[in-house]
Structure formats: C-alpha cells, structure tokens
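For what it's worth, numbering that gives the first Met the number 0 labels the leading residue of the sequence shown as 0, then goes sequentially.
Glycine included, each C-beta is placed from N, C-alpha and C at the ideal position.
Step one of this worksheet: look at the structure below.
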Amino acid sequence: MEGTTVFKQINRFEEYQRRQKTSLAAIRKAYEAADRAASAANLAGKPQYLVSYVSLPHVGRKKEYQGKTQPCGYLTSVSTEQELHALAVACCSAAQVLHDDKLVHRDLRLPNVVQLGHQHYMVIDLESVASSVAKPLPKDFHDVLKTCIAEALDNAGRFTALSDMFCIGVLLKEVVNSRATPYSVQADHFMHKLLDKELTAIAALMCPQREWCQ
Numbered sequence: 000m001e002g003t004t005v006f007k008q009i010n011r012f013e014e015y016q017r018r019q020k021t022s023l024a025a026i027r028k029a030y031e032a033a034d035r036a037a038s039a040a041n042l043a044g045k046p047q048y049l050v051s052y053v054s055l056p057h058v059g060r061k062k063e064y065q066g067k068t069q070p071c072g073y074l075t076s077v078s079t080e081q082e083l084h085a086l087a088v089a090c091c092s093a094a095q096v097l098h099d100d101k102l103v104h105r106d107l108r109l110p111n112v113v114q115l116g117h118q119h120y121m122v123i124d125l126e127s128v129a130s131s132v133a134k135p136l137p138k139d140f141h142d143v144l145k146t147c148i149a150e151a152l153d154n155a156g157r158f159t160a161l162s163d164m165f166c167i168g169v170l171l172k173e174v175v176n177s178r179a180t181p182y183s184v185q186a187d188h189f190m191h192k193l194l195d196k197e198l199t200a201i202a203a204l205m206c207p208q209r210e211w212c213q
C-alpha cells in the first residue's frame, strides 16, 4: 500500500485464471468500466462507488498479475439504517456499472467493501469478475469462490447479474444480523427482494434517496 493507492499482485496467474474461471481480459474490462464510472461521477460531483485503476492490470515477466488501484479506503462501519442504505446504494451502483458491461463481480462480500467517508462506501477487488453470459459453473467451483453458493446461481448453474444482487442481499442481511444494526420493515422487504432475485441493479437504485424499495 502506498499513500492512497493499493498495489495488487497475484502469483501464478495462469493457474488463478483457471481456478477462478476468469481472465485478464475480463478483469481489465471491469477496471476500464470502473474508471469511466469514476470519471463520470467526478464530473457530476457524485461519489465513486467502484474502485478504479492507477495502472491497468497486466501480467509481468514471471507470469504474475499486477495492478494498482485507487482510492484506498478503511474498514467498513455500519451502525444505523442510514449507513445500511448507503452501503446498499454503493453495492447496487457498483453492480450496475459491471452489469452494464455484461460483467458480474461474483465476490460481493463485506471484506470487499471499504469506507471512504461518512456514509460513503466503495466496492473493491475486481479480480473475480467474469462475463454475465458465462457457461454453467462446475460443481467444485463452489469451494473456490465464497459467494458462489448454490442459491446464488440460476437454474442452469450460471452466475448471472441477479446472482450478484442475491449476494448483495446476503451481505446486507449479514450486516444487520452480526452488528445488530436497526432497520425498518421497508429495509427488510428490500433485502428479501434481493434474496428472491426480484431486483436488478437498476431497479434497486430507483428507490428515492434514503427510502427503500417497496
């Protein structure tokens, strides 16, 4: 870690790609989409919800993956419903950026969300992304990717955009259950809609500011 940037390296990257069913092309595409979203947010004076790159990921001479991302956040804190809502907005906004480019994050867990400021959260770690129109995943893949549980997949065994939304629902539920975060009936309804795969990222973000989908 250096200042406000984070250097990432994955050794034996060819093996990593095979194991995670991803590719350098998909990861670069995700970071390029994130960078465009960050630039647009900056011009509009809006928050950045998805990590962007300082140097585009590449494979080094020793076949290792290297990349530098920004900004550098800190451990996520959620203790109020307003913060829970801000966390949901960040996750859904990040998902929408990827889904618009026909990509899925596949690892939307709380450790992959950092806090940048008051009620400002950002999704990081795009090294598990893949195409949202990918083939069904092999059965042993569930042991590799923590979020790729059976309930997240579609009937054909594929990890889709709605699988990401399901994982956001799991993430939010884990936050309220583990941290005793207070939440309303509307918030509970919203989380269940995610877990039932009834909300795309766009639909989830149509909620009025500081109100939940109903």
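Which of helix, strand or coil DSSP assigns to residue i
i    : result
L86  : helix
L193 : helix
S92  : helix
H57  : strand
F165 : helix
K172 : helix
L198 : coil
L136 : coil
G2   : Reliability fails at G2, whose pLDDT of 49 lies under 50, so the model's placement of it is uncertain and the value that follows must be treated cautiously. Residue state, collapsed to three classes: coil.
Y182 : coil
A155 : coil
S38  : helix
L253 : Nothing in the structure corresponds to residue 253, since the chain is present only between 0 and 213.
S131 : coil
L102 : strand
S78  : coil
E31  : helix
E210 : coil
D124 : coil
L97  : helix
Beta-carbon proximity of residue i to residue j, cut-off 9 Å
i    : j    : result
A33  : V53  : no
L109 : V103 : no
S130 : A25  : yes
L74  : I167 : no
A100 : A29  : The residue asked about is misnamed: residue 100 is Asp in this sequence, not Ala. Yes, the pair counts as a contact, with Cβ atoms nearer than the cut-off.
Per DSSP, the bridge partner or partners of residue i
i    : result
G72  : Bridge partners of G72: none, in fact.
I26  : None; I26 has no bridge partner.
K7   : G66
H119 : G116
S51  : Q69
Distance cut-off 8 Å: residue i Cβ against heavy atoms of the ligand HEM
i   : result
E14 : The ligand HEM is not part of the structure shown, which contains no ligands of any sort.
Item to check | At least 3 beta-carbon pairs within less than 8 Å: the stretch 187 to 203 vs the stretch 91 to 102 | outcome: Enough Cβ pairs lie closer than 8 Å, so yes.
Item to check | Cβ contact (3+ pairs, closer than 8 Å) linking the stretch 57 to 67 and the stretch 7 to 22 | outcome: yes
Checklist entry - Should the stretch 114 to 121 be called in touch with the stretch 146 to 161, which here means at least 3 C-beta pairs below 8 Å? => result The stretch 114 to 121 vs the stretch 146 to 161: no contact.
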